[in-house]
Amino acid sequence: MATTETKTVNGISVPPAGRWEFDKAHTSFSFVARHMLSKVRGQFPEYEGSVQIAEKPEESKIVVELNAAALTTGNEMRDGHLNSADFFLTGRYPTIRFESTEIRVGEGNEFEIDGNLTIKDITNPVTFKAEFLGWGPGMRDTTMAAFSAKTTVERADWDLTWNMSVETGGLLVGKKVDLEIDAEILKAE
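Residue numbering for the sequence shown follows numbering that gives the first Met the number 0, beginning at 0 and increasing consecutively.
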């Protein structure tokens, strides 16, 4: 059932406390990596997770597990290479996990999400710069909220070091990868 309960932080109306689930039709977990002179985009369309919004928004918690083997870049050969021992080794490490450790409220609708990102059983801290996009009544008598978040990581921090030199100089794959979240969450009953 939709709710109209309101609370504000920095003059922004925030959603009510409780468990929220990702709306799989309107959420994406994606990455952008440099490939020679262009950029390659990919997504992890299969995932599980939730957001626990606390009475104090900075005490909220986000947990997501991505099915690494389900990643897609729109190119089967590249997807196969990314699933291989050169990159994610998904036969041995089938999931990528993010768990927030702290949420810091910024100015207006901006906030930062600190957390631990685990890839190939290697865990490193990351910070996502995020934007709260709002909340309100959703479809089919639900309450929804939305946010987007982005961070840039060094592949080598998770032993994702495969690369090769190209004839024109430089490397085939960039050392940094942008991680992006575009999320719509629904209040759980």
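Ideal Cβ positions, reconstructed from N, Cα and C, are used throughout, including at glycine.
Rounded to the nearest angstrom, the gap between the Cα atoms of Ser83 and Thr89 is 7 Å.
Two segments are said to touch when three or more pairs of C-beta atoms, one from each, lie closer than 8 Å; by this definition the region 93-105 does not touch the region 137-144. With contacts defined by Cβ atoms closer than 8 Å, Phe131 and Ile180 do not form a contacting pair.
Across the set Lys23, Ile11, Pro15 and Ala32, the C-alpha of Ala32 shows the shortest separation from the C-alpha of Leu178. Listed as beta-bridge partners of Pro44 by DSSP are no residues whatsoever. Note on Ile61: 16 or more other CB atoms within 10 angstroms of its CB, so buried under the neighbour-count rule. Here Met143 is buried: its Cβ has 16 or more other Cβ atoms, across all protein chains shown, within 10 Å. For Met138, there is no enclosing alpha helix (DSSP H), since its DSSP letter is neither H nor E. Taking each of Lys6, Gly48, Glu58 and Phe110 in turn and checking the Cα distance to Leu185, the smallest one comes out for Gly48. In the DSSP assignment, Glu75 falls within the unbroken alpha helix (DSSP H) covering Glu75 to Asn82.
Judged by beta-carbon spacing, Ala187 lies within the 8 Å limit of Trp19, meaning their Cβ atoms are closer than that value.
The Cβ atoms of Ile118 and Ala148 lie no closer than 8 Å to each other. Every unbroken stretch of the beta strand (DSSP E) spanning 3 or more residues and falling wholly within the region 100-129 is given here in chain order: 109-118. In the DSSP assignment, Arg18 falls within the beta strand (DSSP E) that extends over Gly17 to Phe21.
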